[in-house]
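Take 86 as the starting number for the first sequence in our numbering and just add one per residue.
Working notes for the structure below.
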Amino acid sequence: MSFVPYTPSEIEPKWQKYWEEKQVFAASSDTSKPKYYCLIEFPYPSGAGLHVGHPRSNTALDIIARKRRMEGYNVLYPIGWDAFGLPTENYAIANHVPPAKVTRENINHFREQLKRLGFSFDYSREVDTTDPNYYKWTQWIFLKLFEHGLAYKAEMPINWCPSCKVGLANEEVVGGACERCGHEVTRRVKNQWMLAITKYAQKLLDGLDTVDFIDRVKAQQRNWIGRSEGAEVDFMIAGTQEKLRVFTTRPDTLFGATYMVLSPEHPFLEKFKDRILNNEELREYAQKAALKNDFERTELQKDKTGVEIKGLYAINPATGKEIPLWVSDYVLMGYGTGAIMAVPGHDERDWEFATAFDLPIIEVVAGGDITKAAFTDIEEGTLVNSGFLNGMSVQKAKEAMTDWVVEKGIGERKINYKLRDWVFSRQRYWGEPIPIVHCDHCGIVPLPESELPLLLPQVDSYEPTDSGESPLAAMTDWVKTTCPKCGQPAKRETDTMPQWAGSSWYFLRYCDPHNDSEYASQEALDYWMPVDWYNGGMEHTTLHLLYSRFWHLFLHDIGQVKAPEPYQKRTSHGMILGENGEKMSKSRGNVINPDDLVDEIGADAFRVYEMFMGAFDQAIPWSMNGARGTRRFLERVWRLQEMVDQTREGYTDSLRIIINQSIKKVGEDFERMKFNTAIAQMMTLVNSYYEQGAISNDDFKALLLLLSPVAPHICEEIWQNLGFEGFIHEQAWPVYEEEYLKADDVEIAVQVNGKVRARVMVPAGLDKDAGESLLSLDAVTKLLEGKQVVKCIYVPDRLLNLVVK
RNA sequence: GCGGACGUGGCGGAAUGGCAGACGCGCCAGACUUAGGAUCUGGUGACUCCGGUCGUAAGAGUUCAAGUCUCUUCGUCCGCACCA
86 MSFVPYTPSE IEPKWQKYWE EKQVFAASSD TSKPKYYCLI EFPYPSGAGL
136 HVGHPRSNTA LDIIARKRRM EGYNVLYPIG WDAFGLPTEN YAIANHVPPA
186 KVTRENINHF REQLKRLGFS FDYSREVDTT DPNYYKWTQW IFLKLFEHGL
236 AYKAEMPINW CPSCKVGLAN EEVVGGACER CGHEVTRRVK NQWMLAITKY
286 AQKLLDGLDT VDFIDRVKAQ QRNWIGRSEG AEVDFMIAGT QEKLRVFTTR
336 PDTLFGATYM VLSPEHPFLE KFKDRILNNE ELREYAQKAA LKNDFERTEL
386 QKDKTGVEIK GLYAINPATG KEIPLWVSDY VLMGYGTGAI MAVPGHDERD
436 WEFATAFDLP IIEVVAGGDI TKAAFTDIEE GTLVNSGFLN GMSVQKAKEA
486 MTDWVVEKGI GERKINYKLR DWVFSRQRYW GEPIPIVHCD HCGIVPLPES
536 ELPLLLPQVD SYEPTDSGES PLAAMTDWVK TTCPKCGQPA KRETDTMPQW
586 AGSSWYFLRY CDPHNDSEYA SQEALDYWMP VDWYNGGMEH TTLHLLYSRF
636 WHLFLHDIGQ VKAPEPYQKR TSHGMILGEN GEKMSKSRGN VINPDDLVDE
686 IGADAFRVYE MFMGAFDQAI PWSMNGARGT RRFLERVWRL QEMVDQTREG
736 YTDSLRIIIN QSIKKVGEDF ERMKFNTAIA QMMTLVNSYY EQGAISNDDF
786 KALLLLLSPV APHICEEIWQ NLGFEGFIHE QAWPVYEEEY LKADDVEIAV
836 QVNGKVRARV MVPAGLDKDA GESLLSLDAV TKLLEGKQVV KCIYVPDRLL
886 NLVVK
């Protein structure tokens, strides 16, 4: 039998068309079957089109989705578009086209590109965050957050990007620069919408114990939330009835607090200006500090600066002694109480500061040498110079001092988090309008649900303004409205939501995307949620992944969704680098275009290469030759058609073992995301088919079934060519037989004192104690001439190690 | 500084404490070809007196046996970073 050459450019579009027309990958509404929900982060449809990074995640979960279908699950593997956001808006400004139009074009382009790769997405459930039918519910959730006091407006010093002209959340500032454009971020005080994610800090932390996320994601989220336990303590101001409260994680060192430090913005300075003798000096220092952004502050950390507050003293509650007060920008207003007790003997920063300004350093934990450096060990030290704490360990002293402080009524136990509330306002056009009205009489008034969606109006200019106002503010017709409460003239909120809003709940909409009376029906949510397996980028760990967990935990608390956590399992793919090992970018000229690749080697080979190139969770440089190699592999699979003896059913005897081994290994490796070794195993299987020279129908079927989730088009085509029944995507996932995983006889290594000296064939499955019986084998006795066996270790089916002297 | 991942051929990488380098790329040789950047066959860690010896960043340890476990040192990448 002879076959036409392998031409992906013909067979791939053919099957894509078939799958689409027959809707073979649409999730069924039949809820009697067990469900499986696979999710990838929905793409931002940028003008640049698909990047080779997208198919890495998409193919991985496509493999899982296809395998689950073959295992009998009702699979939901949806796709959608996270389409609000700055790049589209900037493109629209530069080219004078409406963002909605750009978005539509980009989505169409993206969809075409994805379809060329043969992903088994359920396109009938597409969502688009810029669709009013979608953002109606984003706005609805915002109103719920507002209703429950989790959305509030506040004057906040925020991170401001002068280039994007937009406020940024802490999470969006990387190394002092704007995450998106790289421009240095400055500080600006603005009236902003905030979401109180900090109220969920503990729940976000606790939830991590209940889910199956890869460790580095959990670690990074824990780190970001930054819980620390300690105490708050009041220090009296000498000669007044006023007190200054500090937070400390080391209450045990209270006896060693020899001065206090306030952040330059601390309200205390204003309150006590009548008693402070050097207000002018302090004001100057505060101004200088305000000009520095966070990045500069950290850059300058070697040289501690500060100013003493003259005319005021605090009283150390433990020693009763008066201690001086200082102001320094190493104390941050945004954490704890904005003031600290300084214990220079046992805190590195305080030690540096005390050394620079010649302040007293007292040892209260013995174990180090505080003349050389702060002693911060909390495991080894013993308390000294500390009254009733003397002789205690640090741990014990912490408890004892906290109890003492609480009993005296001058403080309390306290847990602090580094997590900040989420800056939720953007002064930009291309985002969800915040459904709020400002009324002179009623204040901040939420729009009634019946008025949702609040449509984003057409504007003439999308340009952001230096004043920091959204372009919507210039739309007087739209801004002017009436108060939903009192009916008098009022103004709409003109800020929009950040890009993270729409992506914080999209996985819920997928469950029931066309519902126009609810964001999703309870039945659909109960059936599909939680997401069983979610794969995405590490860069979203402290952004999207945290934000969406927060929204879901909130929706759970108000009875909207059953489970607290949205994602059962979270994995993460590594980045694909350019051939030179650097990050792919236009400016470096090392970008690989997926379309070109499909043209050259085909979608299947592209998919196989993306999975074969290296460990899934690690960054890997691209190799064009490697990609061509996977095309060669598929050519070899294709040509196997000529070797099939169609009169034979059942596995060929001499192939039975490796087929069973392959079924086991490929299946297990897919589940562990070890796609590279799964494919290597299939290559080995193909190699052994060629060595065999002729194969049976069933030999070939086994290979095709295993390969079909990775390279679906070629497998479907061959399946049909050979006249096998039905379609390959409808077949059951193959199962292996335990008894055929091992040959009857296996080769083992014979070691003498740990070195391999011979190999012998022995019956498989000999147990541990059978080792001695192998000593009589010719090959073994030869090695033992003139030597005495001291010990004999037999590892079944692996090796025999003889310890001799 | 804190948290995490990691260090194996020319390259990407395999290896439940049990034969290091599977699989692929590249390279070398040969076959078939008018030709091939197609295909096929064989080879490919280093050294070698062709018996072997040495090899998983470096050093030590545990073990019959260590790339894998423990300790020390060096180095790379990622995240956070004056968070009291």
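Glycine included, every Cβ here is placed at the ideal spot set by N, Cα and C.
These numbers come from a predicted model, not from an experiment.
With 16 other CB atoms within 10 Å as the buried threshold, where does Glu126 fall?
buried
Do you know how far the Cα of Ser478 is from the Cα of Ile408?
26 Å
Per-residue DSSP class, three states only, for Asp702
coil
Among all the DSSP beta bridges, which residues are the ones paired with Leu79?
Limits of the chain in this structure are 86 at one end and 890 at the other, which puts residue 79 out of reach.
For Tyr219, which option in Trp590, Phe635 and Ala427 has the closest C-alpha, if you only look at C-alpha atoms?
The shortest Cα separation from Tyr219 among Trp590, Phe635 and Ala427 belongs to Trp590.
Comparing the CB of Val89 with every heavy atom of the ligand ADP, is any distance shorter than 7 Å?
You won't find the ligand ADP in this model; it holds no ligand whatsoever.
Helix, strand or coil: which one does DSSP assign to His641?
helix
For my contact list, Leu640 and Ala286 are in at a C-beta cut-off of 8 Å; report their separation, rounded to the angstrom.
Their Cβ separation, rounded to whole angstroms, is 18 Å, which puts Leu640 and Ala286 out of contact at 8 Å.
Nearest-angstrom Cα separation, counted from Gln326 out to Val490:
18 Å
In terms of DSSP beta bridges, what is Thr333 paired with?
Ala316
Which term fits Val103, buried or exposed, when burial requires 16 or more other beta carbons within 10 angstroms of its beta carbon?
This sequence places Tyr at residue 103; Val is not what is there. Under this definition Tyr103 is an exposed residue.
Using a 10 Å radius around the Cβ and a threshold of 16 neighbouring Cβ atoms, would you call Gly170 buried or exposed?
buried
Just to check my reading of the structure: Gly893 and Phe332 have Cβ atoms closer than 8 Å, yes? What is that Cβ distance to the nearest angstrom?
As shown, the chain starts at 86 and ends at 890. That puts residue 893 outside it, with no answer to give.
Have a look at Leu161, Leu662, Ile799 and Met758 and flag the residue whose alpha-carbon is nearest the alpha-carbon of Arg721.
Ile799
Can you list, in chain order, the residues of its chain whose CB lies under 8 Å from that of Asn933, leaving out five sequence neighbours each side?
No answer is possible for residue 933: it lies beyond the span of the chain, which begins at 86 and ends at 890.
Given this structure, state the Cα-to-Cα distance separating Trp563 from Leu557, to the nearest angstrom.
8 Å
What is the DSSP secondary structure of Asn180, reduced to helix, strand or coil?
helix
How long is the line joining the alpha carbons of Lys483 and Ser131, rounded to whole angstroms?
53 Å
Give the secondary structure of Cys800 by DSSP, where H, G and I count as helix, E and B as strand, and everything else as coil.
helix
Where do the ends of the alpha helix (DSSP H) carrying His139 lie?
Gly138 to Met155
Alpha carbon to alpha carbon, what distance is there between Val160 and Arg154?
6 Å
Supposed close pair Ile813, Leu770 - CB separation, criterion 8 Å:
Your pair Ile813 and Leu770 does not check out as a contact, with CB atoms roughly 17 Å apart and the cut at 8 Å.
Measure the C-alpha to C-alpha separation of Val137 and Ile677 and round it to an integer number of angstroms.
7 Å
Roughly how many whole angstroms lie between the Cα atoms of Ala342 and Thr487?
Rounded to whole angstroms, Ala342 to Thr487 spans 15 Å at the Cα level.
When you compare only the Cα positions, how much space is there between Thr461 and Asp432?
Taking C-alpha positions only, Thr461 is separated from Asp432 by approximately 6 Å.
8 Å contact criterion, which Asp830 and Pro848 should meet: CB distance rounded:
6 Å
Determine whether the beta carbon atoms of Gly252 and Arg511 lie at a separation below 8 Å.
yes
Quick one: residues in its chain with C-beta nearer than 7 Å to the C-beta of Leu541, no 5 flanking neighbours on either side, listed in chain order?
Pro518
Is it true that the region 189-207 meets the region 609-626, where meeting means three or more beta-carbon pairs spaced less than 8 Å apart?
no
Using only the alpha-carbon positions, how far apart do Ile500 and Thr283 sit?
12 Å
Please name the residue, chosen from Thr214, Arg724 and Phe809, that lies closest to Tyr91 on a Cα-to-Cα basis.
Arg724
Within the region 168-223, ranges of the alpha helix (DSSP H) (whole runs, at least 4 residues)
171-180 and 184-200
State the DSSP-derived secondary structure class of Gln277, mapped to helix, strand or coil.
strand
In DSSP terms, what Arg741 is bridged to:
Beta-bridge pairing links Arg741 to no other residue.
Throw me the rounded Cβ distance for the Glu756 and Trp515 pair, which I believe falls under 8 Å.
Incorrect: roughly 40 Å between the Cβ atoms, too far for contact.
Based on the DSSP secondary-structure assignment, which residues constitute the bridge partners of Glu497?
Bridge partners of Glu497: Glu317.
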